[in-house]
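Notes to accompany the following structure.
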Amino acid sequence: VATIYWSLILFMPTLMAPAVQNPTTEPTSASPPLPALFFIPLPIDLALHLSPVLALVLHFYFLEAKYSLRWVNHRAPVVAAVFATWYSGFAEWCALENKSFPYPFLNVALPIRLTIYATSTLIAISSFKGLNRIHKGNPLIPSVYGFTSAVLEAKKK
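For the sequence shown, the working numbering assigns the number 14 to the initial residue and increments by one for each residue that follows.
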């Protein structure tokens with residue numbers, strides 16, 4: 014999700030940030046003024062949309078062992094699909110309550126939103142597979158995280 018969020022914020026911000034109408038601004042040309050976009054403050058944006066992914070990636074490489082091919086190819090897609098189903102249902106429910114979606118790109122017909130949710134899930138699965146593929150196998154700090162250490166010891170036996 015962070016990959017999608019930051020890509021859209023950097024390259025297509027109108028899809029992520031809602032427009033703000035500012036009636037006090039005078040037009041400076043004959044063309045209509047572009048709407049101002051509402052961005053949350055950068056420290057909050059980084060805390061919500063960057064620090065979680067950095068923490069998870071660092072945790073994965075420093076404290077966890079590489080996942081098996083069976084886990085990566087069979088279990089992880091199921092976990093991702095279950096979470097995506099829950100998240101999309103929650104987003105749809107919130108939109109019903111709030112009368113709009115949190116991001117402008119979701120204000121489209123339901124079939125398009127379902128395609129967005131499915132594509133996001135596929136990107137998440139691909140990202141996980143890519144991160145797991147470049148993982149060296151053992152955590153960089155194997156003795157800190159008890160569960161990972163126990164799994165590694167069981168694999169040695």
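Where is the CB? At the ideal position from N, CA and C, for every residue including glycine.
Here the structure is a predicted model, which means the values were calculated and not measured.
Ranges of the alpha helix (DSSP H) found wholly within the region 79-155, counting only runs of at least 4: Complete alpha helix (DSSP H) runs here, min 4: 89-111 and 123-147.
Spatial distance of L109 from G102 (CA atoms): In a straight line, the C-alpha of L109 is about 11 Å away from that of G102.
Beta-ladder partner(s) of A32, from DSSP: Bridge pairing for A32: L50 [DSSP].
Cβ separation of M29 and P124, assumed to be a contact under 8 Å, to the nearest whole Å: Contact doesn't hold; Cβ gap of about 21 Å is too wide.
For V14, the three-state DSSP class (helix, strand or coil): coil
Supposed close pair A94, T134 - CB separation, criterion 8 Å: 6 Å
For L76, the first and last residue of its enclosing alpha helix (DSSP H): S64 to L76
Close Cβ partners of P31 (< 6 Å) along its chain, the five nearest in sequence each way excluded: F51 and P117
Cβ neighbour criterion (16 or more within 10 Å) applied to A137: buried
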